[in-house]
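Residue numbers (this note's numbering): 69 to 191.
Note that beta-carbon positions come from the ideal geometry of N, C-alpha and C, so glycine has one too.
Model, not experiment: these values are computed from the prediction.
So the structure is just underneath, and the comments pick up after that.
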């Protein structure tokens, strides 16, 4: 799973405060898969996330209107790529658990992959 996630990283995305660029992770996927798997496993078992993965650099991005008005900016957080990979692993585990244990009713359409408010109206 870690190898697949690293292979599919967008090399054009920004790096987080840890300074690790997604392009570097893609280049070194064969070398990093095993050590990162161990780190992710330990993080899962101990329920502790490395501090660097929690840090974010929040940048204001201009939307429209007067540039002097702070309301015309939206925040964008640049977080650690390794933290995002961990988030994807957790999402996958939770999604699989919910599907296997039928934690979502068939009538549920919101927040379900492949479903939406529109599919709820159609079905």
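Judged by DSSP secondary structure, residue 159 falls within the alpha helix (DSSP H) whose first and last residues are 149 to 168. Straight-line measurement puts the Cα of residue 97 at about 7 Å from the Cα of residue 75. A direct Cα-Cα distance of roughly 10 Å separates residue 126 from residue 84. In this chain, the beta strand (DSSP E) harbouring residue 129 covers 124 to 130. Taking residue 160 as the centre and dropping the five residues before and after it, the same chain places the C-beta of 69 closer than 8 Å to its C-beta, in chain order. Beta bridge pairing from DSSP links residue 141 with 130.
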